[in-house]
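Asks: Okay, handing you the structure first.
Numbering (this note's numbering), first residue to last: 1116 to 1356.
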C-alpha cells in the first residue's frame, strides 16, 4: 500500500455518509464512496473530487453477498488495501414501528442491512484491514439503541421504532464482540452516535446538520494507536450501553 490512508465509507452518497467521506477526504485520504445507486454514487464522487478529495466509487449493496465480495475485490485491485472502514449504511424500515404492530418482515429487512450488512462488509474487508499499520473500524450507531437511556426515568427518547432501535442495540453488541476477538490485533473498532441529525432517514426532522453528525465518525476513524476500542461514543464522550 502507499502511504496515503485509504478509507471506505458505506452509504456515502448522501447525508452523514457523504459528510464523513468529505471530512476524511479533507485530511488527504483516498476515499471509496460505497453506495448502491450508481447515479447518486457518481454524483457524490464528482462533487467530492471537485472539492479536492481523492474519491472513487465503490458499487456496494451491504445486504448482498456478491456485491460486498465484488467491492472488496475492487478496492484491493484499485488501491491495494484498506486502512479505515466506516459502516454507515442503514435504513429505518419505515414508520410507525410499535412492537405490537410491526411486521416481522420489517425487522428482518432492517437487521439485514443495519447489522448483518455490517458483519458482511467488515468480514470482507478484514484481510485488507489486517495489513494496515493503523486500521480503524467505525460502526455508525445511535443513542436510541442504548438500553440504559431507554430505561432511565425522565429521559424521552422519542417514538419507539422497534426494528431500527433494536438493530442499533444489536449493532452495539456486535461491536463489542468484534473488539474482544480483535483485542490481540492493532484494529480499533467502536460505535459512534451522530446525534439527531437532519437526513432523509428521519424526514429531515433532526436538529443537527450532516456535517455535525459526521464529526464522531471522523474522530473515531482518526484515533491514535492507543485509542479506545469496543466503546460507544458521541461528541460529548461515552454513551451508556
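No residue lacks a Cβ here, since even glycine has one placed at the ideal position from N, Cα and C.
#1: Name the residue from 1338, 1237, 1330 and 1341 whose alpha carbon lies nearest to the alpha carbon of residue 1132.
#2: Nearest to residue 1124 by CA position, among 1155, 1150 and 1259, is which residue?
#3: Label residue 1283 either buried or exposed according to how many other C-beta atoms from any shown protein chain fall within 10 Å of its C-beta, with 16 as the threshold for buried.
#4: Helix, strand or coil: which one does DSSP assign to residue 1255?
#5: How close, in whole Å, do the beta carbons of residue 1237 and residue 1293 come, if the pair is a contact with beta carbons under 8 Å?
#6: Indicate, with yes or no, if the ligand PLP has a heavy atom lying under 7 Å from the CB of residue 1336.
#7: For residue 1167, collect the residues of the same chain with a Cβ closer than 8 Å to its Cβ; drop the 5 residues on either side in sequence, then sort them by chain order.
#8: Between the segment 1251-1259 and the segment 1291-1306, do three or more beta carbon pairs fall short of 8 Å?
#9: Counting only runs of 4+ residues fully inside the segment 1171-1236, write out the alpha helix (DSSP H) ranges in chain order.
#10: Suppose only complete runs of 3+ residues qualify. What are the beta strand (DSSP E) ranges in the segment 1277-1309, listed by chain order?
#11: According to DSSP, what are the bridge partners of residue 1123?
#12: Taking the continuous alpha helix (DSSP H) assigned at residue 1158, which residues delimit it?
Replies: By the coordinates alone:
#1: Considering only alpha carbons, the answer is 1330.
#2: Out of 1155, 1150 and 1259, 1150 has the C-alpha closest to the C-alpha of residue 1124.
#3: When all chains shown are included, residue 1283 counts as buried.
#4: The answer is strand: DSSP assigns residue 1255 an E or B state.
#5: Correct: roughly 7 Å between the Cβ atoms.
#6: Summarising the ligand content, the structure contains no ligands, and the ligand PLP is consequently not present.
#7: Cβ neighbours of residue 1167 beyond the five flanking positions: 1140 and 1141.
#8: Enough Cβ pairs lie closer than 8 Å, so yes.
#9: Taken in chain order, the unbroken stretches of alpha helix (DSSP H) that lie wholly in the segment 1171-1236 and span 4 residues or more are 1180-1194 and 1219-1226.
#10: Whole beta strand (DSSP E) segments, 3+ residues: 1303-1307.
#11: Paired residues: 1147 and 1200.
#12: Segment 1153-1165, the alpha helix (DSSP H) holding residue 1158.
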